[in-house]
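Residue numbers (our numbering): 81 to 479. Backbone N, C-alpha and C fix where the C-beta goes; we use that ideal spot for every residue, glycine too. No experiment lies behind these values; they were computed from the predicted model shown. Okay, so here's the structure we're looking at.
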Ligand code: CTP
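What follows is the structure, encoded as structure tokens:
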């Protein structure tokens, strides 16, 4: 069972965290409570210490076990961090990456998934500042357990009440299940553009940022998968835990995919591979002559089609970046390339496609189903695709 860090902040709902701690322990989890200073004015750390059997920490310098640095040990040991209730102030501190008490320090130091159940006055919850911080944290993969509607302690009515205890405990259970549903599954992902050299300083490339592929790697890791990320040149930092293979050209990406495909269970081709390369890369920089210059391009291998043709029982996902008739073209690629799923988008649509953080995808399944996703962050799109992969593997295991 899991080790859960329970962060409690200075909301009037702080007393409800006792109940949440008890329910989590009833499910078999161990709970380590971490209170903010404001929370200690509303509820005593001793209550949590007695309930959970673990000494409660508040300050960064609280060292319940002599000789151990508590914030690092607790951060590393945790399987999941739940902050319930979370005030607007703590949400803001988390979004900014502040580390001015034990709870915010742990939130920065841990690699465990973080779930936040906010509780505050409705005006504070709907305030653009709070909503912007929530959006920032969501982008980073933090999961929010939405507050409920009701009458607050102050008498105001609206959205802002701490979600009820069963909802919070269920969200934790669901998340823990998610965190391991791809355990033992090897996911191979291509990401970013490829650069096809013209001469030592110039290349033929495209505007792919790599964000979609990196978000997929992050989501697959969060579900417990072993991830190999084969990436073209990007400015992004790969997610911790992925095996990263850096390539420049389509030919190098092709070779890397061929070398790793046999060992994978799932292949996701998110790279924007240059379809053509200059026939010959010049050994020296080409000088300007003032004359017209014709560059002869030859086709690159289709990486996705080459491996999907021999996929066996692997689940293979492709992307289709289109500018017109997106569904029709995507459908043709789905069947033509022998895929299980294709994610299509119209790159001319605002907020969709290259260099932006959002995407509007339509998922086309091999069995004919079509699922339209709303415009959302690439991380959220990635999460849905990884869920589809997990659902597929679950069904196959059950079959
Ligand atoms: N792809 C690939 N190798 C290539 C070209 C594309 O692996 N040489 C993969 C991409 O990663 C993507 C999918 O194939 O998952 C579709 O790529 P796209 O460029 O949209 O399709 P193409 O097959 O290149 O067709 P077209 O350019 O005509 O749209």
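Whether residue i touches residue j by CB criterion (9 Å)
i           : j           : result
residue 347 : residue 269 : yes
residue 362 : residue 280 : yes
residue 124 : residue 242 : no
residue 159 : residue 259 : yes
residue 111 : residue 101 : yes
residue 334 : residue 415 : no
residue 174 : residue 194 : yes
residue 186 : residue 115 : no
residue 354 : residue 330 : yes
residue 171 : residue 149 : no
residue 96  : residue 198 : no
residue 104 : residue 86  : yes
residue 311 : residue 271 : yes
residue 292 : residue 462 : yes
residue 155 : residue 129 : no
residue 261 : residue 474 : yes
residue 457 : residue 218 : yes
residue 139 : residue 181 : yes
residue 213 : residue 470 : no
residue 336 : residue 274 : no
residue 134 : residue 146 : no
residue 205 : residue 230 : no
Whole-angstrom distance between residue j and residue i, CA atom to CA atom
i           : j           : result
residue 440 : residue 265 : 27 Å
residue 163 : residue 419 : 40 Å
residue 409 : residue 384 : 16 Å
residue 202 : residue 136 : 30 Å
residue 423 : residue 131 : 48 Å
residue 208 : residue 216 : 12 Å
residue 316 : residue 305 : 21 Å
residue 375 : residue 313 : 23 Å
residue 250 : residue 413 : 39 Å
residue 360 : residue 278 : 7 Å
residue 511 : residue 367 : A query on residue 511 cannot be resolved here, the shown segment of the chain reaching from 81 to 479 and no further.
residue 190 : residue 468 : 27 Å
residue 192 : residue 393 : 31 Å
residue 430 : residue 399 : 18 Å
residue 298 : residue 339 : 22 Å
residue 466 : residue 309 : 15 Å
residue 446 : residue 326 : 31 Å
residue 211 : residue 88  : 20 Å
Residue i, DSSP secondary structure in three states
i           : result
residue 292 : helix
residue 148 : coil
residue 328 : coil
residue 83  : strand
residue 167 : coil
residue 386 : helix
residue 366 : coil
residue 402 : strand
residue 379 : strand
residue 438 : strand
residue 323 : strand
residue 115 : strand
residue 428 : coil
residue 140 : coil
residue 337 : helix
residue 451 : strand
residue 351 : coil
Cβ shell of residue i (< 8 Å), same chain only, five flanking positions each side left out
i           : result
residue 356 : 276, 284, 377, 378, 379 and 380
residue 81  : 107, 108, 109 and 110
residue 127 : 98
residue 256 : 82, 159 and 160
residue 427 : 401, 402, 403, 433 and 434
Residues bridged to residue i (per DSSP)
i           : result
residue 229 : 239
residue 445 : 421
residue 266 : 306
residue 282 : 279
residue 223 : 195
residue 209 : The partner list for residue 209 (beta bridge, DSSP) is empty, contrary to what the question assumes.
residue 201 : Answer is none; residue 201 lacks a bridge partner.
residue 110 : 83
residue 471 : In the DSSP output, where bridge partners are listed per residue, residue 471 has none listed.
residue 456 : 439
residue 311 : 271 and 326
residue 160 : 84
residue 358 : 377
Beta-carbon proximity list for residue i, same chain, < 7 Å, skipping 5 on both sides
i           : result
residue 452 : 442
residue 228 : 241, 243 and 244
residue 294 : 271, 316, 318 and 319
residue 151 : 140, 182, 185, 186 and 189
Cβ neighbours of residue i in the same chain (closer than 6 Å, five flanking residues each side left out)
i           : result
residue 321 : 301
residue 450 : 444
residue 233 : 92
residue 157 : 83
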